[in-house]
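Enquirer:
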Amino acid sequence: MKKVLTYGTFDLLHKGHVLLLQRARALGDHLTVAVSTDQFNALKGKKSYTSWEDRKLILEALSCVDEVIPENEWEQKIKDVKEYDIDLFVMGDDWEGKFDFLKDYCQVYYLPRTAGISTTKIKQDLKEIKAEVDKLSQKIEEEINQEN
1 MKKVLTYGTF DLLHKGHVLL LQRARALGDH LTVAVSTDQF NALKGKKSYT SWEDRKLILE
61 ALSCVDEVIP ENEWEQKIKD VKEYDIDLFV MGDDWEGKFD FLKDYCQVYY LPRTAGISTT
121 KIKQDLKEIK AEVDKLSQKI EEEINQEN
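Residue numbers (UniProt numbering): 1 to 148.
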């Protein structure tokens, strides 16, 4: 059985995440997904919209995901590869070369990203929409105040 491992935050699950997970699973017989915990995200200076428990639940519901484990620190990758008897480590190609140190323990493969979508883009789009709504709300409030 060929075991595959990938890591990520998987916040605001979107098409790019699903395609990456499906392609990773297609490369083996078993896919383990290590998901950044809320505490680890805080250490990285990030905050997920969705809690670790909810992100884990969502990923476990996907047919391409066989197992979800917590990512608690950067240094755990070699330990996880050994502990879970991993044959192939997979990441998006935006991480190209960053995990080549694992080649001593398993194969490493970088999958192409899905163009036009990312959690960062979704969050930026939502910020822009909020800014537009705030401006519109302020304009309406000013017009109401002028009428009174």
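Note that beta-carbon positions come from the ideal geometry of N, C-alpha and C, so glycine has one too.
If you follow the alpha helix (DSSP H) that residue 17 is in, where does it begin and where does it stop?
Expert: Unbroken alpha helix (DSSP H) run through residue 17: 15-26.
Enquirer: Are the beta-carbon atoms of residue 73 and residue 40 separated by less than 8 Å?
Expert: In contact: residue 73 and residue 40 (Cβ atoms closer than 8 Å).
Enquirer: Measure the CB-CB distance between residue 33 and residue 81 and report whether it falls below 8 Å.
Expert: No, Cβ-Cβ distance for residue 33 and residue 81 is not below 8 Å.
Enquirer: Considering only DSSP beta bridges, list what residue 107 is partnered with.
Expert: Answer is 88.
Enquirer: Check whether the region 46-64 and the region 6-15 are in contact - that is, three or more C-beta pairs closer than 8 Å.
Expert: With the cut-off at 8 Å, the region 46-64 and the region 6-15 touch.
Enquirer: Please identify the residue among 23, 94, 79 whose C-alpha is closest to the C-alpha of residue 105.
Expert: Among 23, 94, 79, the Cα nearest to that of residue 105 belongs to 79.
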